[in-house]
Amino acid sequence: MGLLLFITVLLIAACGLIYELIAGTLASYLLGDSVLQFSTIIGCYLFAMGIGSALSRYIDRGLAYRFVWIELLLGVIGGCSSALLFLAFAYTQGFQLLMYSLVVVIGVLVGLEIPLLMRLVRGRYHFRDVVAHVLTFDYLGALGASLLFPILLVPYLGLVRSAMLFGIVNVAVALWSTFLFAGQIGSVRALRVLCFVVLCGLGVGLAEAKHITAAAEDNIYADEIIFSRDTRYQHIVLTRFKDDIRLFLSSHLQFSSRDEYRYHEALIHPGLSAIPVPRHVLVLGGGDGLAVREILKYPQIESVTLVDLDPEMTRLFSTNPMLTELNQKSFLSPKVHIINADAFPWVDSSTDSFDFIVIDFPDPTNYSLGKLYTTTFYKAVARHLSVQGLMVVQSTSPMFARDSYWCIAETLKQAGLRTYPYHVYVPSFGEWGFVIAGHREFQLPTSLPPGLRFVSVEGLPALFQFPPDMSPLPMPPNRLNDQVLVRAYDQDWKDISH
Amino acid sequence: MKASRREFLQSASAALVGLSIKGDRPIAGSFVNDSFQLGHQLRDRAAFAAPSQVVKHSVVIIGGGIAGLSAAWRLHKKGFTDFVLLEMNDQPGGNSRWGENEITAYPWAAHYVPVPGPKAVYVRELFEELGVLNNGQWEERYLCFSPQERLFLYGRWQDGIEPAIGLTAPDRDQFRELEDRIHTFRATGKFTVPMEVGFSDSTSGLDRISFADWLGAQGMNSRILHWYLNYCCRDDYGATTANTSAWAGIQYFASREPDEKGPLTWPEGNGWIVRRLLERVGTFVEPNRMVHKISPRGKRTSVLAGDTEYQADFVIFAAPTFLAPHLIEGMAPLREFEYSPWLTANLTIEQLPASYGTDPTWDSVFMDSPSLGYVDAMHQSLRTHIDRTVWTFYWALADRPPAENRQLLLSKDWNYWKEAILHDLERVHPDIRKCVSRIDIMRIGHAMARPQVGAIFSRERRNLADTQGHILFANSDLSGFSIFEEAQYRGVAAADKVLRKLSGTV
Chain A
1 MGLLLFITVL LIAACGLIYE LIAGTLASYL LGDSVLQFST IIGCYLFAMG
51 IGSALSRYID RGLAYRFVWI ELLLGVIGGC SSALLFLAFA YTQGFQLLMY
101 SLVVVIGVLV GLEIPLLMRL VRGRYHFRDV VAHVLTFDYL GALGASLLFP
151 ILLVPYLGLV RSAMLFGIVN VAVALWSTFL FAGQIGSVRA LRVLCFVVLC
201 GLGVGLAEAK HITAAAEDNI YADEIIFSRD TRYQHIVLTR FKDDIRLFLS
251 SHLQFSSRDE YRYHEALIHP GLSAIPVPRH VLVLGGGDGL AVREILKYPQ
301 IESVTLVDLD PEMTRLFSTN PMLTELNQKS FLSPKVHIIN ADAFPWVDSS
351 TDSFDFIVID FPDPTNYSLG KLYTTTFYKA VARHLSVQGL MVVQSTSPMF
401 ARDSYWCIAE TLKQAGLRTY PYHVYVPSFG EWGFVIAGHR EFQLPTSLPP
451 GLRFVSVEGL PALFQFPPDM SPLPMPPNRL NDQVLVRAYD QDWKDISH
Chain B
1001 MKASRREFLQ SASAALVGLS IKGDRPIAGS FVNDSFQLGH QLRDRAAFAA
1051 PSQVVKHSVV IIGGGIAGLS AAWRLHKKGF TDFVLLEMND QPGGNSRWGE
1101 NEITAYPWAA HYVPVPGPKA VYVRELFEEL GVLNNGQWEE RYLCFSPQER
1151 LFLYGRWQDG IEPAIGLTAP DRDQFRELED RIHTFRATGK FTVPMEVGFS
1201 DSTSGLDRIS FADWLGAQGM NSRILHWYLN YCCRDDYGAT TANTSAWAGI
1251 QYFASREPDE KGPLTWPEGN GWIVRRLLER VGTFVEPNRM VHKISPRGKR
1301 TSVLAGDTEY QADFVIFAAP TFLAPHLIEG MAPLREFEYS PWLTANLTIE
1351 QLPASYGTDP TWDSVFMDSP SLGYVDAMHQ SLRTHIDRTV WTFYWALADR
1401 PPAENRQLLL SKDWNYWKEA ILHDLERVHP DIRKCVSRID IMRIGHAMAR
1451 PQVGAIFSRE RRNLADTQGH ILFANSDLSG FSIFEEAQYR GVAAADKVLR
1501 KLSGTV
């Protein structure tokens, strides 16, 4: 009897400390500044325990019955505390309020435990033995918990399941106490049934904790991640928040479905509408099919050839219902031919000619991608232009990467092309720039396909005007043997992020 | 020593654990392109069968490296076709030979040509013909792509090979001072490529001391500067600064423009040039034809190779000149020709090792390594995604006398050299053993002429270069050092000399 009683003390002490550690760890993870988080949480917790101890004097009847209830409440609140906090952080603004409330409630309940227990057993032992034994096992439980937590619980169970597990321990103590103090409790059976139900509930929680964490983490790290895959070439991530779908390639944002129409209408229509009779179009990059969607708005177009490196990317945007809704099944059109190949060698070896060529590559963040922004590449692409042909190049931001933008324009010039730079505001990107280039003169189109949401004939001239903060800068061209663009791009982004 | 200790540890731990060490790929490979056996037949005066047929040509070119192929290119371009080129190996190209696997073509030795200056007239003519130089513009896809070079030092990579981090003020001063001195030498116009253009007796004093001594006399003692200059000399001459003539050390820097954006390079290195030359003159090339005797007979010269006696009005001897006394009847032994032994290896890289945050470069060099680092054959690829490649690893055995190093080169087995190469690479790429599937190694005992003290102004060398008889010499070793432009210049010059003599006699 005695030993079992003191093991109970040990267990409840461990549970109490575990909840405190979980709150501290979670707050450090999610809010940072672990010193501040742990200090305030330990402070609140100890203070709340003091309140609990003080309140214990107001309980004078049904001690055992109330002790069982306290254990039950602790099991439920403590066991769910971690999951509740995760979800609160992900979905609400009130994380800190909830966290400190939970810490205080748990602290008060834990503060009640030991005084009640000591009073429950005081008749059985000398007072000095009670104090000595209870406190000894209390501190032993704390030691066990503090060692268990970092070594086993966090690495192997995680925060949500650790809390659930110790919630179960608390409830088990409650159930156990109904036997231990059977003589001092009236309605033992009802209490036992309740304990059993709560125990099952927490058991389910323990088993399903993964889903809770996953749901919460999706919301913590960005919007909900609905697709994530490492392909041979890149890391593809799709996120969704309400109706906004975003595509990230190797952590760089490619589009947001809320405003991508601005980007893709501006990429395609100023150039394509300026070509009298466009029949054959080439898209380099653009594996999301959104540029192709815009191109297919011209019924006279007979073929669209899309060259994208990553077959997983084009497959995803050909088959996923949410994404094909976005690109209006553009890849399923019989006019569209998808070629999964590295663009430069493909351009070098192909002999086809095109009326419009869209170059929509990721930004020149490294020397490999930088090859696709060189005089040699643009010369090779220009060989594929028909007599009436024009090309358009995604050219980074003239606002945030002004050197890079004008370097790309200069590179096109040095490749022997006439250039027509323009820009557009895309909320999720900011100011974004393109360059139309060709052997011939480009004139603004006088008509556009119906149903566009952003580009209009009246609005076109403004796109080609650059205010002073984005106006041309003298830049050298980007060459294979001297990739000034990659260095400029790196510097541009360093300048605005420091 | 290290290799055997590692093997011991591996087998000991394998015995303990009952497993071989996990994670490393099995590495295949062998020695390739060995040609010393053929050369030793000549040295040891092996008996050769008497010829069974006689073939007559106006000109016989001996040696299918850059010098011989350039002589052939010149003759052919001038409309002269009565010649044959005899190559000892089955693959022409000499130091510009190349290989190819399912990933890429790769060089076996010479892998670049610095952007030629205006004085390298023949090189520019060739490059115009090959589309490398168009209307005064160098074709971008043949210029080495960014980023070109990196150096591993103090546990990290820096851009460029000239040390730029961790320099003290005296280091910087000495680098700057050397630059000033070089600038002055460059301005004299006496250090040129090809060297014959600016060659002047007034610079002969520099050939009488070593580069190391010259640097000492200038008060340049920076350890970092000396490492860098040693690297340069090992890279171009296969010798340390102590074994390089000061003239050659200065030539390395003063003959080039400091701000050139190059060099010109191809996946298979200078093998690309050999391929283009073979497209033009390949039908004149007879491979596997080792010449074993050359006998001057008045106006005609007899050349014995295999079962054939070639009779020629003129012989262009474009093979390494040290072979000549073993072949030419009555020729006195040569005393002033020295060569550096080299080892090159091609490593098949199945996955790229971690690179400490830098983009992979064309050339990667490690400070204080006995090797010269490696060159990436896929660097000139236009692809954006590269997951497999071939590295060519270069090692000039420069630290001991050449004869001793040649002995070492031939006495150690493939496994020894494989381990030596991996040890060197492991300092920079600790995961290299997980990445390599194959290491093929080429040993060249007499890889390149060594411009040691006195070599450039050597009387013996100058006399052979000026020979006016029926046997003309054309190897780059007549310049005192082996670089593409010298070989090409000597080959073209010998062809021109022959054409002049032939037109004089007609």
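In the order they appear, the protein sequences are chains A and B.
Residue numbers for the first sequence, in my numbering: 1 to 498.
Residue numbers for the second sequence, in my numbering: 1001 to 1506.
For glycine and all other residues, C-beta sits at the position ideal for the given N, C-alpha and C.
All figures in this text were calculated on a predicted structure; none of them were measured in a lab.
Next on the checklist: Just to check my reading of the structure: L332/A and S353/A have Cβ atoms closer than 8 Å, yes? What is that Cβ distance to the nearest angstrom?
Outcome noted: Beta-carbon to beta-carbon, L332/A and S353/A are separated by about 26 Å, too far to satisfy the 8 Å threshold.
Next on the checklist: Counting only beta-carbon separations shorter than 8 Å, does D1359/B have a partner in chain A?
Outcome noted: It does; some Cβ of chain A falls within 8 Å.
Item to check | C-beta contact flag for F200/A and T178/A at 8 Å | outcome: Per the sequence shown, residue 200/A should be read as Cys rather than Phe. 8 Å or more divides the Cβ of C200/A from the Cβ of T178/A.
Next on the checklist: I want to see whether chain A comes within less than 8 Å of P1116/B, judged by CB atoms only; does it?
Outcome noted: P1116/B is outside the set of residues whose beta carbon lies under 8 Å from a beta carbon in chain A.
Item to check | Range of the contiguous beta strand (DSSP E) that encloses W176/A | outcome: No beta strand (DSSP E) holds W176/A; the alpha helix (DSSP H) holding it covers 158-180.
Item to check | Residues within the region 1381-1413 of chain B neighbouring chain A, beta-carbon criterion of under 9 Å | outcome: For the region 1381-1413 of chain B, the beta-carbon criterion of a distance under 9 Å to any beta-carbon of chain A is satisfied by S1381, L1382, R1383, T1384, H1385, I1386, D1387.
Checklist entry - In the structure shown, what three-state DSSP assignment does V1453/B receive? => result Coil, per DSSP.
Item to check | Test: F255/A CB closer than 8 Å to a CB of chain B | outcome: For F255/A, the answer is no, since every Cβ of chain B falls outside 8 Å of its Cβ.
Checklist entry - Would K1261/B count as contacting chain A if we go by Cβ distances under 8 Å? => result At a cut-off of 8 Å between beta-carbon atoms, K1261/B makes contact with chain A.
Checklist entry - Which runs of the alpha helix (DSSP H) fall wholly inside the region 4-73 of chain A and span at least 4 residues, in chain order? => result Counting only runs of 4 or more, we get 34-56.
Checklist entry - Quick one: what's P1296/B bridged to in DSSP? => result Partner(s): T1301/B.
Checklist entry - Is the CB of E1129/B under 8 Å away from at least one CB in chain A? => result Not a single C-beta of chain A is nearer than 8 Å to the C-beta of E1129/B.
Next on the checklist: For K1434/B, which residues in the same chain have their Cβ closer than 8 Å to its Cβ, ignoring the five residues on either side in sequence?
Outcome noted: Cβ-Cβ distances below 8 Å link K1434/B to G1023, D1024, R1025, Q1351, P1353 in the same chain, with the five nearest sequence neighbours on each side left out; the list follows chain order.
Item to check | Residues near L444/A in its chain [Cβ-Cβ closer than 6 Å; skip 5 each side] | outcome: Cβ neighbours of L444/A beyond the five flanking positions: L460.
Item to check | As assigned by DSSP and simplified to three states, the class of R246/A | outcome: Three-state DSSP puts R246/A in a strand.
Checklist entry - Unbroken beta strand (DSSP E) runs of length 3 or more, entirely within the region 257-335 of chain A: which are they? => result Taken in chain order, the complete beta strand (DSSP E) segments of 3 residues or longer contained in the region 257-335 of chain A are 280-285, 303-307.
Next on the checklist: At the level of alpha carbons, what is the spacing between E1279/B and F1031/B?
Outcome noted: Rounded to whole angstroms, E1279/B to F1031/B spans 28 Å at the Cα level.
Checklist entry - T1081/B to L1075/B, Cα distance in whole Å? => result As the crow flies, the alpha-carbon of T1081/B is around 7 Å from that of L1075/B.
Item to check | beta strand (DSSP E) runs contained entirely in the region 1323-1400 of chain B, provided each spans 3 or more residues | outcome: Assignment of beta strand (DSSP E) within the region 1323-1400 of chain B, counting only whole runs of 3 or more residues, yields 1339-1349, 1363-1366, 1374-1376, 1389-1396 in chain order.
Checklist entry - Are the region 105-117 of chain A and the region 29-46 of chain A touching, with three or more C-beta to C-beta distances below 8 Å? => result Yes: at least three Cβ pairs fall under 8 Å.
Checklist entry - Anyone know if the C-beta pair for F1314/B and S1058/B falls short of 8 Å? => result Yes, the pair counts as a contact, with Cβ atoms nearer than the cut-off.
Checklist entry - chain B beta carbons: is any one of them nearer than 8 Å to that of Y221/A? => result Model confidence at Y221/A stands at a pLDDT of 48, short of 50, so the residue's coordinates are unreliable; what they give is reported in the following sentence. Closer than 8 Å: no.
Item to check | Assigned secondary structure, Q1174/B (DSSP; H/G/I helix, E/B strand, else coil) | outcome: If DSSP states are grouped into helix, strand and coil, Q1174/B belongs with the helices.
Checklist entry - Can at least three beta-carbon pairs, one atom from the region 1144-1162 of chain B and one from the region 1361-1374 of chain B, be found at a separation below 8 Å? => result A contact exists between the region 1144-1162 of chain B and the region 1361-1374 of chain B.
Item to check | Residue range of the unbroken alpha helix (DSSP H) whose run includes D1313/B | outcome: For D1313/B, no alpha helix (DSSP H) encloses it; the enclosing beta strand (DSSP E) starts and ends at 1308-1317.
Item to check | Residues in the region 1126-1152 of chain B having any Cβ partner in chain A nearer than 8 Å | outcome: For the region 1126-1152 of chain B, the residues whose beta carbon sits under 8 Å from a beta carbon of chain A are, in order, E1140, R1141, L1143, C1144, F1145, S1146, P1147, Q1148.
Item to check | Alpha-carbon to alpha-carbon, T1184/B and Q946/B | outcome: The structure shown does not extend to residue 946/B, since chain B is modelled only from 1001 through 1506, so no value can be given for it.
Checklist entry - Under a three-way DSSP split, which group does D482/A fall into? => result D482/A falls in the strand class under three-state DSSP.
Item to check | Touch test, the region 153-163 of chain A against the region 50-62 of chain A, Cβ-Cβ under 8 Å, three pairs minimum | outcome: Not touching, per the Cβ criterion.
Checklist entry - For S330/A, which of T305/A, A142/A, D310/A has the nearest alpha-carbon? => result When each option's Cα is compared against that of S330/A, the closest is T305/A.
Next on the checklist: Since P270/A and I436/A should fall inside the 8 Å C-beta cutoff, what is the C-beta to C-beta distance between them, to a whole number of angstroms?
Outcome noted: Yes, they are in contact, since the Cβ atoms of P270/A and I436/A sit about 7 Å apart, within 8 Å.
Checklist entry - For the alpha helix (DSSP H) that contains Q1041/B, what are its first and last residues? => result Per DSSP, the unbroken alpha helix (DSSP H) holding Q1041/B starts and ends at 1036-1043.
Next on the checklist: Relative to the C-alpha of G2/A, which candidate in L97/A, R124/A, I18/A, A23/A has its C-alpha closest?
Outcome noted: Considering only alpha carbons, the answer is R124/A.
Item to check | Opening and closing residue of the beta strand (DSSP E) in which E1100/B lies | outcome: Residue range 1098-1100 is occupied by the beta strand (DSSP E) that includes E1100/B.
Checklist entry - Beta-carbon of P345/A versus every beta-carbon of chain B: anything under 8 Å? => result Yes - at least one Cβ of chain B is within 8 Å of the one on P345/A.
Checklist entry - Where does I496/A land, buried or exposed, given buried means 16+ other C-beta within 10 angstroms? => result Its Cβ having fewer than 16 others within 10 Å, I496/A is exposed.
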